[in-house]
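Participant:
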Amino acid sequence: MKLPLTGVIPPIVTPLLSDTELDIAGLEKLIEHLIAGGVHGVFLLGTTGEGPNLSYELRKAFVRKACQLVNKRIPVVVGITDTSITGSLEVAEVAYEAGADALVISTPYYVPMSQEEMVAYLRYLVPLLPLPFMLYNMPSCTKMHMSLNTVRKAKELGAIGIKDSSGDLAYLYSLIEEFKDSPEFSIIVGTELFIPETMINGGHGAVPGGANLFPQLFVDLYDASKKKDPKAIAAFREKIIQIEDKVYNVGHEGSKYIKSIKCALSIMGICNGFVAMPFRQFGPEQQKQLAANLQEMASKN
Numbered sequence: 001m002k003l004p005l006t007g008v009i010p011p012i013v014t015p016l017l018s019d020t021e022l023d024i025a026g027l028e029k030l031i032e033h034l035i036a037g038g039v040h041g042v043f044l045l046g047t048t049g050e051g052p053n054l055s056y057e058l059r060k061a062f063v064r065k066a067c068q069l070v071n072k073r074i075p076v077v078v079g080i081t082d083t084s085i086t087g088s089l090e091v092a093e094v095a096y097e098a099g100a101d102a103l104v105i106s107t108p109y110y111v112p113m114s115q116e117e118m119v120a121y122l123r124y125l126v127p128l129l130p131l132p133f134m135l136y137n138m139p140s141c142t143k144m145h146m147s148l149n150t151v152r153k154a155k156e157l158g159a160i161g162i163k164d165s166s167g168d169l170a171y172l173y174s175l176i177e178e179f180k181d182s183p184e185f186s187i188i189v190g191t192e193l194f195i196p197e198t199m200i201n202g203g204h205g206a207v208p209g210g211a212n213l214f215p216q217l218f219v220d221l222y223d224a225s226k227k228k229d230p231k232a233i234a235a236f237r238e239k240i241i242q243i244e245d246k247v248y249n250v251g252h253e254g255s256k257y258i259k260s261i262k263c264a265l266s267i268m269g270i271c272n273g274f275v276a277m278p279f280r281q282f283g284p285e286q287q288k289q290l291a292a293n294l295q296e297m298a299s300k301n
C-alpha cells in the first residue's frame, strides 16, 4: 500500500441476513457500487460497519469475503478495536491472511482509558500486529479523546496515520499542523462536512459513511477540495447537508445513523437492511419515510 493513505475510504456497512449470516450477494453489490463510484479504499469493521456488535466468527468471515471481492483493486483497512486484546489480534491475523493492507485501532471501550494507558496499550499491542496500523479517534464511542502527545507516540511506534471522528475542527487543524513535516502520516477525517477544510489545509482524505450510498458525490467533493474550487465545494456540500437531513435524521435513537444507511442501501437495492443486535432495523413507518426522502433527493439532483 502506497503511503500516505489518501482519498475517500468509506467505512462500509456489514451486509447481513441475520445475526449470524452475511449477505454475500449484497456485499458484492456494495463493493462494486463503491469501486464504480471511484473510492480510493474501504474500511471494514468500523462504527458504520457495526464491528463491536458482530461475533468474532462473523467479523472474520466478513473480512475474508470483502478482501476476496475487492481483490487488491483498492486498499482495504480493517478495524480491530475490542475490549479483548486477544480478540483484536485474532481479527488482525485474519486480516493479514486475507490480504488486507492495514489495521485500524481505536481506544478499547467500556472502562475509560487515560492517555498514558492508551500509550502503554499500544506499546504492548503494536509489536504483535502483522500489518501496519493507523489510529481512530472516536471519543463519542470510546470515552477518550486522543491527545496530540498520544498520537505523536503512536506515530513513533509505527502508526501510518489517524482517522479523526471527534467532530472537533480545531483538533483536526492541530493534527494537520503537528504532522505537516511527516508526509507519509495520513490525517483522515470522519466528519463529512469537514472534508473541504481537511484537504485545503493539508490533510489526506476522508472516511465518510454517506459514501456507502453516494460514493461519487464524496469523491467529487474530495476532488473539488483538492483543487480548492469554492463553487464546486459549495454545491457538493449542499448535497451532503441533504443527506444529513433526509437520511441520518430519520429515527430518534443513537443508532439511527447505522440504521438509516442500511435502510437506504436496502431501498436502493444494494444490500439487506438487517441491523445486528443489540439494535434492530427501521420499522415500516421509518422505511416509508426514508424511501420518500430518497425520492425527494433524487428529484432535486
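Everything in the sequence shown is counted per the UniProt record's numbering, starting at 1 for the first residue and increasing by one. Cβ atoms here follow ideal geometry from the backbone N, Cα and C, with glycine treated the same way.
Are the CB atoms of N212 and V13 nearer to each other than 8 Å?
Facilitator: Yes, the Cβ-Cβ distance between N212 and V13 is below 8 Å.
Participant: Would K226 and F185 be called neighbours here (beta carbons separated by less than 8 Å)?
Facilitator: Going by C-beta atoms, K226 is not nearer than 8 Å to F185.
Participant: Nearest CA to the CA of V104: which residue from L54, T47 and K143?
Facilitator: If we check each option's Cα against that of V104, T47 comes out closest.
Participant: Suppose you measure from the CA of A159 to the CA of L221; what does that come to, to the nearest Å?
Facilitator: About 27 Å.
Participant: Below 6 Å CB to CB, which residues in the same chain sit around C67 once its five sequence neighbours on both sides are set aside?
Facilitator: Excluding residues within five positions, the ones whose Cβ falls inside 6 Å are V76, A98, G99 and A100.
Participant: In three-state DSSP terms, what is S18?
Facilitator: DSSP places S18 in strand when its eight states are reduced to three.
Participant: In this structure, does DSSP put A102 in helix, strand or coil?
Facilitator: Strand.
Participant: Note down the Cα distance separating L279 from R59, rounded to an integer number of angstroms.
Facilitator: In the sequence as displayed, the identity of residue 279 is Phe instead of Leu. Those two C-alpha atoms are separated by around 17 Å.
Participant: Going by CA-CA distance only, name the one from T150, A264, C141 and S166 that's closest to M297.
Facilitator: Comparing Cα positions, the closest option is A264.
Participant: In the DSSP assignment, what are the bridge partners of N137?
Facilitator: The partner list for N137 (beta bridge, DSSP) reads D164.
Participant: Identify which residue in T20, A92, I85 and K143 has its Cα closest to the Cα of A120.
Facilitator: The shortest C-alpha separation from A120 is found at I85.
Participant: For S260, report the span of its beta strand (DSSP E) as first-last.
Facilitator: Counting along the chain, S260 falls outside any beta strand (DSSP E), though it belongs to the alpha helix (DSSP H) covering K256 to I267.
Participant: Starting from G79, follow the beta strand (DSSP E) in both directions and report where the run begins and ends.
Facilitator: Element bounds for G79: V76 to G79.
Participant: With the cut-off set at 8 Å, would you say L217 and K239 are in Cβ contact?
Facilitator: For L217 and K239, yes; Cβs fall inside 8 Å.
Participant: Let's see if you can read the secondary structure: which residues bound the beta strand (DSSP E) around V189?
Facilitator: V189 -> beta strand (DSSP E) spans S186 to V189.
Participant: Taking the Cβ atom as the reference point for each residue, do C271 and K2 lie within a distance shorter than 8 Å?
Facilitator: The answer is no: Cβ separation not under 8 Å.
Participant: Can you pull the DSSP bridge partners for A206?
Facilitator: BP columns for A206 point to V8 and V189.
Participant: What is the DSSP secondary structure of F194, counted as helix, strand or coil?
Facilitator: In the structure shown, F194 sits in a helix (DSSP, three-state: H, G or I).
Participant: Counting along the chain, where does the alpha helix (DSSP H) carrying F218 start and finish?
Facilitator: Taken as a continuous stretch (DSSP letters only), the alpha helix (DSSP H) holding F218 covers P215 to K227.
Participant: Would you mind working out which of Q287, K256 and H252 sits nearest M268, comparing C-alpha positions?
Facilitator: Considering only alpha carbons, the answer is Q287.
Participant: Counting only the same chain and skipping the five closest in sequence on each side, list residues whose C-beta sits under 6 Å from that of residue 302.
Facilitator: The requested residue 302 is not part of the displayed model; the chain covers only 1 to 301.
Participant: At 4 residues or longer, and completely inside the region 10-74: list those alpha helix (DSSP H) runs for me, N to C.
Facilitator: Listed in chain order, they are 24-36 and 56-70.
Participant: Excluding the 5 residues flanking I241 on each side, which residues of the same chain have their C-beta closer than 8 Å to its C-beta?
Facilitator: Taken in chain order, the residues that qualify are L193.
Participant: Please report how far the alpha carbon of G37 lies from the alpha carbon of P10, in whole angstroms.
Facilitator: If you take the alpha carbons of G37 and P10, they lie about 11 Å apart.
Participant: Is it right to say E57 is buried, meaning 16 or more other beta carbons lie within 10 angstroms of its own, or is it exposed?
Facilitator: It is exposed - the Cβ of E57 has fewer than 16 other Cβ atoms within 10 Å.
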